[in-house]
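The sequence shown: position 59 = 56 (our numbering), numbered continuously.
Beta carbons: idealized from backbone N, C-alpha and C, even for Gly.
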Amino acid sequence: MAGGNDSLSWFKERIKRPKAVIDISGIAALKGVRETPDGIEIGALTTLTEIERNPVIRAKYRVLADAARRVASPQIRNTGTMGGNLAQDARCWYYRYGLPCYRAGGNTCFADTPEGVNREHALFDADRCVAVNPSDTAPALVALDAKMVIKGSKGERVVSSDEFFIGPKTDITRLTSVKPEEILTAVRIPNSWAGARFYFEKVSDRDTWDFALVNVAAAIVVNNGVVERSRVASGGVSAVPRRLTVVEEVIQGKPAEEATAKLAGQAAIRGARPLNYNQFKVPLMANLVTRAVRDAA
Ligand SMILES: Cc1cc2nc3c(=O)[nH]c(=O)nc-3n(C[C@H](O)[C@H](O)[C@H](O)COP(=O)(O)OP(=O)(O)OC[C@H]3O[C@@H](n4cnc5c(N)ncnc54)[C@H](O)[C@@H]3O)c2cc1C
Ligand code: SF4
-2 MAGGNDSLSW FKERIKRPKA VIDISGIAAL KGVRETPDGI EIGALTTLTE
48 IERNPVIRAK YRVLADAARR VASPQIRNTG TMGGNLAQDA RCWYYRYGLP
98 CYRAGGNTCF ADTPEGVNRE HALFDADRCV AVNPSDTAPA LVALDAKMVI
148 KGSKGERVVS SDEFFIGPKT DITRLTSVKP EEILTAVRIP NSWAGARFYF
198 EKVSDRDTWD FALVNVAAAI VVNNGVVERS RVASGGVSAV PRRLTVVEEV
248 IQGKPAEEAT AKLAGQAAIR GARPLNYNQF KVPLMANLVT RAVRDAA
């Protein structure tokens, strides 16, 4: 447990009953943002408020500050940590009410049924479970090509943001590749995207204190009016923050103009498989990606 914003609600409802809880919030070495020769390193216990306000993040990697600023409420951002935001559990209400679904070790999905309440659920890559990754900072870190530092008793490993988040096909009980005996200690952001044009937008039912229905994060480098390279990711649409490589390929080498932005929006939703009540997410995602490319480019 770090800030406890997610953990404590599970304990309070008696849905998760761990035999022991280890409070890591006092480990000073895991706090703060440090500049390194290659970029920056953010300790896993750095709060979302610190990330939102850090001058280096705001100057060079603004998409992350913008995403952190859109998480929950000021009170939650003051105690909620980078690690907790990335490792928080799924927000599917059936699961959180303690029903024995696939993710909880059972053999059914209550959301993926004709009458299931699934307007907040996935458009892509579902495998038994249709829950999405709820983190707002996750797509921003994918857009920044961040690396996650994971430590356990067997040593340290560093994984890319593309590998850090995992879907139900890999392991239906976890949303990240952090194994039970490990913790995330830091997030490293390389300077290869420092100063790129950035965009973050989140749409939720309410303007405050609410999870994303869909969010989008983009880092785009434009040279002489042409898109040189980009990384674009979207949250709220699959169990992992979905890297939109098809969008990146479609816009590369194209003029930074309206037609390219529209193309990007259409490319983003290719292969979407909406459920009964989340079909609205398809045009929403297309519009957000169009806006991201239009604005950032
Ligand atoms: C009312 C409400 C609204 C919210 N709205 C949003 C929102 O809009 N957007 C959004 O992104 N999030 C939202 N959240 C989620 C919240 O932002 C995150 O839960 C918060 O950032 C978690 O941080 P924490 O340090 O409090 O995590 P904790 O509750 O301490 O931990 C959460 C999980 O992460 C694990 N964990 C924590 N640190 C580490 C680590 N270093 N290594 C490995 N595992 C770790 C814990 O074991 C636990 O499973 C909301 C939460 C609430 C309660
Ligand atoms: S979407 Fe996933 S978490 Fe929700 S009921 Fe289905 S299996 Fe459980």
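Residue j beta carbon less than 8 Å from that of residue i
| i | j | result |
| --- | --- | --- |
| M145 | V129 | no |
| V300 | R194 | One cannot answer for residue 300 here, as it falls past the ends of the chain, which runs -2 to 294. |
| A123 | A216 | no |
| L61 | I48 | yes |
| R100 | T182 | no |
Range covered by the beta strand (DSSP E) that runs through residue i
| i | result |
| --- | --- |
| G81 | Element bounds for G81: not the beta strand (DSSP E) but the alpha helix (DSSP H), 79 to 84. |
| I147 | 144 to 149 |
| R185 | 179 to 187 |
| G40 | 36 to 40 |
| G232 | 223 to 232 |
| N220 | 211 to 220 |
| G1 | Looking at the DSSP string, G1 is not in any beta strand (DSSP E), and its letter there is neither H nor E. |
6 Å CB neighbourhood of residue i in its chain, flanking five on each side removed
| i | result |
| --- | --- |
| L138 | S158 |
| V68 | L45, R74, D133 |
| A143 | S158, V184, I186 |
| D109 | V127 |
| L172 | N130 |
| T257 | I248, K251 |
Proximal residues to residue i (C-beta, below 7 Å), its chain only, five neighbours per side dropped
| i | result |
| --- | --- |
| P271 | L120, K278, V279 |
| W90 | V114 |
| N284 | G262 |
N- and C-terminal bounds of the alpha helix (DSSP H) containing residue i
| i | result |
| --- | --- |
| T46 | 45 to 50 |
| I248 | 242 to 248 |
| K259 | 255 to 265 |
Spatial neighbours of residue i in its chain, beta-carbon cut-off 8 Å, leaving aside the 5 residues before and after
| i | result |
| --- | --- |
| V244 | S227, V229, A261, A264, A265, V286, V290 |
Expected contact under 8 Å - CB spacing of residue i and residue j to nearest Å
| i | j | result |
| --- | --- | --- |
| K13 | W7 | 4 Å |
| K259 | V224 | Actually they do not touch by this definition, with Cβ atoms about 14 Å apart. |
| L5 | I21 | Not quite, the Cβ-Cβ distance comes to about 14 Å (not below 8 Å), so this is no contact. |
| A191 | G222 | About 21 Å separates the two Cβ atoms, so there is no contact after all. |
Residue i at chain B interface by Cβ criterion, 8 Å
| i | result |
| --- | --- |
| G250 | In the displayed structure, chain B is absent; only one protein chain is listed. |
- Item | Heavy atoms of ligand 2 versus C-beta positions, residues under 5 Å | This criterion selects C89, Y91, Y92, C98, Y99, R100, C106, F107, A108, C126, V127, A128.
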